[in-house]
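Student: Take a look at the following structure, please.
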Amino acid sequence: MTIEELEQIAKGVQLENAKYEYEVNVCMDLACASQGAGLLRDALVKRADASGKKVLIRKTGCMGPCSSGPLVRVDPDDTLYAKVKDSNAEAIIKSLGEKPVAELQCDLNEHFDKQVRVVLENAGHIDPEKIDDYISRDGYKALLTALTEMTPNGVVHRITESGLRGRGGGGYPTGLKWGTVAKASGDLKYVVCNGDEGDPGAFMDRSVMEGDPHRVIEGMAIAAYAVGATKGFIYVRAEYPVAVSRLTTALREARRRGLLGSGICNTTFNFDIEIRLGAGAFVCGEETALLASIEGRRGTPKPRPPYPAVSGLWGKPTLINNVETYANIAPIVRSGGKWFFNMGSERSKGTKVFALTGRIKNTGLIEVPLGIKLWEIIDVIGGGVPGGHKLKAIQTGGPSGGCIPADMMNLGVSYDALMAAGSIMGSGGMIVMDDTSCMVNVARFFVEFCMTESCGKCIPCRAGTAQMYTLLTRICEGTGTMDDLELLIELCGTVKDTSLCGLGQTAPNPVLSTLKYFKNEYLEHIVHKRCPAGVCNIAGATAAEPAPAEVLA
Amino acid sequence: MSSKLKLATVWLDGCSGCHMSFLDMDERLLELAELVDVVYSPVVDAKEFPDNVDIALVEGAVASVDDEKKIRKIRAHSKMLIAMGDCAITGNVPSMRNPIGAEAILNRAYIENATIQPQIPCVVVPELLKVVKPIHEFVKVDVFLPGCPPSADTFHAALTALITGEPLDIPSLTRFGA
Amino acid sequence: MTEAPFEVKTLEIDGREVSARRGQTILEVAREHDINIPTLCQMEGLSNVGACRLCLVEIKGSNKLLPACVATVSEGMVVSTNTERLQKHRHNILELLFAERNHVCSVCVSNGHCELQSMAQDQGLTHVRMPYRNPNLPVDASHERFTVDHNRCILCTRCVRVCGEIEGAHVWDIMGRGIDSIVITDLHEDWGESSCTRCGKCVQVCPTGALFDKSKIGSDHPKYPDFLPYLNLMREAR
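Residue numbers (the working numbering), protein chains in the order written: chain A, 6 to 558; chain B, 32 to 209; chain C, 273 to 510.
Dropping the structure here:
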């Protein structure tokens with residue numbers, strides 16, 4: 006494979022597409038599919054055939070605003086239809102070449118205008134099961150450029166220059182990590198993709214793997230070239246069967262095209278990727294636990310150092326990055342580090358994909374430049390809180406993150422700003438809460454999540470989260486005391502400070518951040534036995550403590 | 032009476048072993064009697080817990096509604112409350128019913144093993160709490176004296192220190208299960 | 273640049289200047305100098321897992337606490353092993369252990385020979401503020417020589433490691449996760465029905481009364497884990 010051949014393929018796709026006058030893209034991602042996108046597509050195909058018009062019906066990955074699904078986008082006019090039913094197929098096909106179907110058209114201009122799509126640039130434009138679709142949009146060009154025009158060091162340098170930081174949550178500088186693995190000595194090195202996305206309400210990585218799997222593969226191949234690895238693993242949760250099947254197809258296609266395997270693109274570079282399925286343990290998103298799981302062992306973390314970059318899979322130097330991190334690689338190699346560096350805020354470069362969920366009008370997947378203000382995400386992209394309710398807080402970073410109160414919406418979204426506010430960027434879950442949420446109950450929900458997902462290896466996380474859950478339950482049920490609250494706070498400190506891995510170290514964050522911004526809600530539960538949001542079921546007015554004067558029985 | 036301190040000892044859900052160990056101080060009890068008056072105890076006559084107790088030694092866990100009432104009253108009327116022995120501090124043996132529940136215990140005692148009139152008593156025997164808990168789950172405890180039972184030497188050293196105001200290092204004297 | 277195999281590092285532990293070989297752990301060096309760092313999951317002769325978190329120490333210039341059993345020394349390192357912060361954490365971790373399962377010392381076979389019990393005493397623990405969880409856990413006495421009482425288990429995994437690493441049988445392992453974790457034999461068969469070789473190493477290394485020898489009664493249960501470093505030494509010599 007050469008650049009010319011890639012261009013040939015791209016041209017082929019363009020010629021093929023040119024046969025059609027119209028392209029009707031149907032979002033087949035989970036949210037749309039569950040609302041009947043499959044039937045819709047069949048109906049569109051049928052109607053298109055019957056109409057005699059030259060229409061290409063294409064199934065694509067996630068287009069973004071899931072709450073408006075099923076979504077259909079008609080090109081070349083770029084008309085977006087929302088909440089489309091199979092019964093609308095006839096009208097849509099009929100409208101081609103005429104006026105768009107007004108009642109289906111949705112006005113999401115504001116929603117899209119604030120977004121910048123790098124990771125999601127192909128989402129909604131390509132069929133994820135067709136490698137040629139990917140190639141037609143500059144796919145694998147970056148890999149070929151890297152292999153034929155750049156040294157491995159040059160690639161690492163470009164990534165470093167871009168300022169890209171790990172998208173899995175920690176925000177470690179990607180270039181620095183690559184450099185470490187590249188320098189590590191060893192005849193065998195591995196490249197691992199962490200696709201064990203498990204935060205409640207987060208589906209960024211799933212959408213990327215399902216909607217644009219080749220982007221991840223290309224990123225990994227470039228990484229392997231840069232650090233000198235020959236073997237890669239993609240670790241995906243078994244709960245993502247569509248992602249697994251799309252990746253499997255994509256790997257097969259890539260091998261067929263000679264983009265994986267030995268002597269890739271007539272160079273001496275050999276690289277292939279295997280998929281490993283996770284068994285649904287959240288802790289396997291922690292890198293050392295993930296590596297243990299790939300090795301076939303129980304998925305429990307181990308103390309670092311040694312870091313995987315030095316001693317990872319089977320003791321060999323291993324580069325492990327998140328799905329979204331790899332998805333950023335090809336555009337950076339293609340367009341240069343400076344291009345990426347110029348997006349985002351001072352210390353957080355580029356864009357970030359967020360899964361916007363909860364009490365907000367437009368739920369779904371968004372990609373925004375870092376540094377964007379929270380209110381822009383909530384009010385403009387998200388369309389605000391529905392039902393006349395008032396925004397109360399935004400939870401970022403999943404169970405490891407914290408709650409940011411409504412009066413801090415002017416905060417710019419970056420690793421450091423979120424950290425300073427007591428939360429974290431995390432992998433990109435963003436849950437919007439309004440005045441119907443009880444913050445104590447929210448904290449309890451996340452602590453329960455961490456408790457059930459703790460692997461049980463270290464004591465503070467295993468027993469500490471369980472005790473935190475007990476204490477929070479007492480408070481929610483109206484039986485908590487000020488002593489319980491004090492103990493809870495002390496316990497948070499110990500669990501945070503002494504837990505072995507990130508799961509335990511961050512498990513207290515939801516409690517600490519709600520205590521920081523919503524302490525009055527805790528006090529209401531404890532002192533007045535009242536849940537301000539009316540969520541917690543506090544049995545009546547609890548009996549006052551028996552008076553000390555009561556006589557002995 | 033004099034400026035002697037008023038001492039009370041209380042027996043909640045425990046085996047009375049702590050009291051036995053307390054009495055094992057033997058002749059040192061006479062020394063102690065120079066410093067304190069025992070105003071309430073299983074070994075004296077008083078039936079009512081008095082109003083102004085200086086030191087209350089409490090043996091046993093809180094296992095019934097009665098125990099709970101008592102411990103709250105004791106706390107309200109005592110300057111210093113000492114949890115005496117493992118039952119008061121950890122729940123110890125009485126708490127071993129917690130994993131299986133109070134009902135199972137009552138059934139075993141009053142139904143399964145009863146030869147005549149199998150029935151669960153509803154008078155005289157106080158109602159059991161669902162879970163046996165240490166006393167500090169109900170009231171503030173000032174001093175914890177673990178051991179099953181704490182030895183006579185431990186009692187002597189601890190009480191002497193507490194009465195005279197000398198420094199007291201409990202972990203050097205005793206431990207859980209000692 | 274290759275480093276000499278026995279390069280010497282100098283560092284400071286609790287204000288004392290000490291020297292160490294490159295690659296030694298902080299715990300090893302501290303013990304060589306009679307500086308006591310509390311441990312529960314660590315055992316000489318077994319791999320280190322850094323799970324109990326009692327051996328966490330403070331390193332000057334870093335806010336992160338490091339497990340002394342796995343963290344290796346470096347030149348000029350300034351280590352504190354017993355600060356107020358560490359004492360508080362150790363206290364809390366021990367309380368968590370006592371509240372987690374049913375550790376009734378007074379009626380335990382290991383009363384008086386238990387590492388958890390003496391650790392609590394050493395760390396000045398006189399009571400547990402956290403609510404006891406009182407789980408309902410089984411006792412497996414199906415083995416002809418030994419018993420496992422899960423009420424006393426602290427999940428240190430010494431049994432798992434000694435069985436896998438030293439005996440080579442890998443009968444013990446962990447099942448479940450988080451607060452529901454439990455040690456099991458084979459694929460959760462009864463111990464008596466398992467592929468156990470009956471060597472008894474697990475019983476000797478168990479720090480509490482979770483694993484014990486049936487032939488002993490009452491609290492007559494001292495354990496002899498010292499066989500382990502000796503056994504390793506003899507194996508290396510062969």
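The C-beta atom is built at its ideal place from N, Cα and C for all residues, glycine as well.
What residues in the segment 106 to 121 of chain B have a beta carbon less than 8 Å from any beta carbon of chain C?
Tutor: A114, D117, I120 and T121
Student: From B/D76 to B/V70, what distance separates their C-alpha atoms?
Tutor: In the second sequence, counting from the first residue as 1, residue 76 of chain B sits at position 45. In the second sequence, counting from the first residue as 1, residue 70 of chain B sits at position 39. Approximately 9 Å, taken between the alpha carbons.
Student: Would you kindly report the start and end of the unbroken alpha helix (DSSP H) that includes A/S340?
Tutor: Against the first sequence, residue 340 of chain A aligns to sequence position 335. Where A/S340 is concerned, the enclosing alpha helix (DSSP H) stretches over V328 to S340.
Student: For C/V400, which residues of its own chain have a beta-carbon under 8 Å away from its beta-carbon, when the five flanking residues on both sides are left out?
Tutor: Locating residue 400 of chain C in the third sequence gives position 128, where the first residue counts as 1. Within the same chain, C/V400 has close Cβ partners E367, F370 and A371.
Student: Report, in whole angstroms, the separation of the C-beta atoms of C/R325 and C/I365, which I expect to be a contact under 8 Å.
Tutor: Here residue 325 of chain C refers to the residue found at position 53 of the third sequence. Here residue 365 of chain C refers to the residue found at position 93 of the third sequence. With 8 Å as the limit, C/R325 and C/I365 qualify as a contact, their Cβ atoms being about 6 Å apart.
Student: Between the Cα of A/T305 and the Cα atoms of A/C198, A/Y312 and A/A297, which residue gives the shortest distance?
Tutor: Numbered from 1 along the first sequence, position 300 holds the residue referred to as residue 305 of chain A. Per the C-alpha coordinates, the member of A/C198, A/Y312 and A/A297 positioned closest to A/T305 is A/A297.
Student: At a CB-CB cut-off below 8 Å, which residues of chain A make contact with C/A323?
Tutor: As a first step, residue 323 of chain C must be located in the third sequence, where it is residue number 51. The answer, in chain order, is K462, C463, I464 and L505.
Student: Using the Cα positions of A/A554 and B/R106, report the straight-line distance between them to the nearest angstrom.
Tutor: Looking up residue 554 of chain A in the first sequence gives position 549. Looking up residue 106 of chain B in the second sequence gives position 75. With a pLDDT of only 38 at A/A554, under 50, the local geometry of the prediction cannot be trusted, and the value read off the model is given with reservation. Cα to Cα, the separation comes out at about 11 Å.
Student: My guess is that A/V121 and A/P374 are in contact by the Cβ rule of under 8 Å, so how many angstroms apart are they, rounded?
Tutor: In the first sequence, the residue the question calls residue 121 of chain A occupies position 116. In the first sequence, the residue the question calls residue 374 of chain A occupies position 369. Confirmed, Cβ separation roughly 5 Å.
Student: Determine, using beta-carbon pairs with one atom in the segment 130 to 142 of chain B and one in the segment 96 to 106 of chain B, whether at least three such pairs fall under 8 Å.
Tutor: no
Student: What residues of chain E sit near C/N408, judged by a beta carbon separation below 7 Å?
Tutor: Judged by its chain identifiers, the structure shown contains no chain E, and its protein chains are A, B and C.
Student: Do C/N335 and C/E374 count as a contact pair if the criterion is CB distance below 9 Å?
Tutor: For the purposes of this step, residue 374 of chain C is identified with residue 102 of the third sequence, where counting begins at 1. For the purposes of this step, residue 335 of chain C is identified with residue 63 of the third sequence, where counting begins at 1. Reading off the sequence shown, one finds Asn at residue 374 of chain C, where the question assumed Glu. Going by C-beta atoms, C/N374 is not nearer than 9 Å to C/N335.
Student: Count the other CB atoms within 10 Å of the CB of B/N83; is the residue buried (16 or more) or exposed (fewer)?
Tutor: On the second sequence, position 52 is the one that residue 83 of chain B refers to. Flag for B/N83 reads exposed.
Student: If you reduce the DSSP assignment to three classes, tell me which class B/Q148 lands in.
Tutor: The residue you call residue 148 of chain B lines up with position 117 of the second sequence. Three-state result, B/Q148: coil.
Student: Under a three-way DSSP split, which group does C/E284 fall into?
Tutor: The residue you call residue 284 of chain C lines up with position 12 of the third sequence. Strand at C/E284.
Student: Quick one: list the residues of chain C neighbouring B/P177, beta-carbon separation under 8 Å, in chain order.
Tutor: Numbered from its first residue, the second sequence carries residue 177 of chain B at position 146. T398 and H399, listed in chain order.
Student: My understanding is that A/G216 touches A/P133, with C-beta atoms under 8 Å, so please give their C-beta distance in whole angstroms.
Tutor: Position 211 of the first sequence holds residue 216 of chain A. Position 128 of the first sequence holds residue 133 of chain A. About 5 Å separates the Cβ atoms of A/G216 and A/P133, confirming a contact at the 8 Å cut-off.
Student: For C/N364, go through chain A and note every residue whose CB falls closer than 9 Å to its CB, in chain order.
Tutor: Reading the third sequence from its first residue, position 92 is the one you call residue 364 of chain C. Here the neighbours are P465, G469, E495, L496, G498, T499, V500 and T503.
Student: Expressed to the nearest angstrom, what Euclidean distance is found between the alpha-carbon atoms of A/T156 and A/P178?
Tutor: Numbered from its first residue, the first sequence carries residue 156 of chain A at position 151. Numbered from its first residue, the first sequence carries residue 178 of chain A at position 173. Rounded to the nearest angstrom, the two C-alpha atoms are 20 Å apart.
Student: With a threshold of 9 Å between beta-carbons, can B/F169 be considered close to chain C, or not?
Tutor: The residue labelled residue 169 of chain B in the question sits at position 138 within the second sequence. At a cut-off of 9 Å, the C-beta of B/F169 has no neighbouring C-beta in chain C.
Student: Check the C-beta distance from C/T429 over to C/I446 and give it rounded, since I have them as a contact under 8 Å.
Tutor: The count along the third sequence starts at 1 and reaches residue 429 of chain C at position 157. The count along the third sequence starts at 1 and reaches residue 446 of chain C at position 174. That belief holds up - the Cβ atoms of C/T429 and C/I446 are roughly 7 Å apart, short of 8 Å.
Student: Can you list, in chain order, the residues of the segment 433 to 457 of chain C whose Cβ is nearer than 8 Å to any Cβ on chain A?
Tutor: Hits within the stretch, in order: D445, I446, G448, R449, G450, I451, D452 and S453.
Student: Measure the beta-carbon distance from A/S167 to A/F451 and round it to whole angstroms, keeping in mind my assumption that it falls under 8 Å.
Tutor: Start at 1 with the first residue of the first sequence, and residue 167 of chain A comes out as number 162. Start at 1 with the first residue of the first sequence, and residue 451 of chain A comes out as number 446. Approximately 33 Å separates the beta-carbon atoms of A/S167 and A/F451; this is outside 8 Å, ruling out the contact.
Student: Rounded to the nearest angstrom, what separates A/T511 and C/R449 at their Cα positions?
Tutor: Working through the first sequence from its first residue, we reach residue 511 of chain A at position 506. Working through the third sequence from its first residue, we reach residue 449 of chain C at position 177. So the alpha carbons of these two residues sit roughly 18 Å apart.
Student: Mind checking C/E508: buried by the 16 CB within 10 Å criterion, or exposed?
Tutor: Numbered from 1 along the third sequence, position 236 holds the residue referred to as residue 508 of chain C. Exposed.
Student: Considering only residues of the same chain and omitting the five flanking positions on each side of C/P497, which have a CB-CB separation below 6 Å?
Tutor: Position 225 of the third sequence, counted from the first residue, corresponds to residue 497 of chain C. Correct list, in chain order: Q476 and V477.
Student: Would C/L505 be called buried (16 or more neighbouring beta carbons within 10 Å of its own) or exposed?
Tutor: Here residue 505 of chain C refers to the residue found at position 233 when the third sequence is read from its first residue. Flag for C/L505 reads exposed.
Student: What residue range does the beta strand (DSSP E) around A/P465 cover?
Tutor: In the first sequence, the residue the question calls residue 465 of chain A occupies position 460. Not the beta strand (DSSP E): A/P465 falls in the alpha helix (DSSP H), residues I464 to C481.
Student: Quick one: which unbroken beta strand (DSSP E) runs of 3-plus residues sit fully inside the segment 377 to 413 of chain A? Chain order, please.
Tutor: 396 to 401 and 407 to 410
Student: Any C-beta of chain A sitting closer than 9 Å to the C-beta of C/M402?
Tutor: On the third sequence, residue 402 of chain C is found 130 positions in, with the first residue counted as 1. Closer than 9 Å to some Cβ of chain A, the Cβ of C/M402 qualifies, so yes.
Student: Any chance the segment 438 to 448 of chain A sits against the segment 393 to 410 of chain A, with 3 or more Cβ pairs inside 8 Å?
Tutor: Result yes; three or more Cβ-Cβ pairs closer than 8 Å.
Student: When burial is assigned at 16 or more other CB atoms within 10 Å of the CB, is C/T344 buried or exposed?
Tutor: Counting from 1 along the third sequence, the entry for residue 344 of chain C is found at position 72. Flag for C/T344 reads buried.
Student: Please decide whether A/A286 counts as near chain C, where near means a Cβ-Cβ distance under 9 Å.
Tutor: The residue you call residue 286 of chain A lines up with position 281 of the first sequence. Yes, A/A286 counts as interfacial toward chain C.
Student: Which residues, taken in chain order from the segment 133 to 166 of chain A, show a beta carbon closer than 7 Å to some beta carbon of chain C?
Tutor: If you check each beta-carbon in the segment 133 to 166 of chain A against every beta-carbon of chain C, none falls closer than 7 Å.
Student: The segment 341 to 367 of chain C: which residues have C-beta closer than 8 Å to a C-beta of chain B, in chain order?
Tutor: none
Student: At 8 Å on the CB atoms, spell out the chain C contacts of A/S459, in chain order.
Tutor: To locate residue 459 of chain A, count along the first sequence from 1; it is residue 454. Those are R449, G450 and I451, listed as they occur along chain C.
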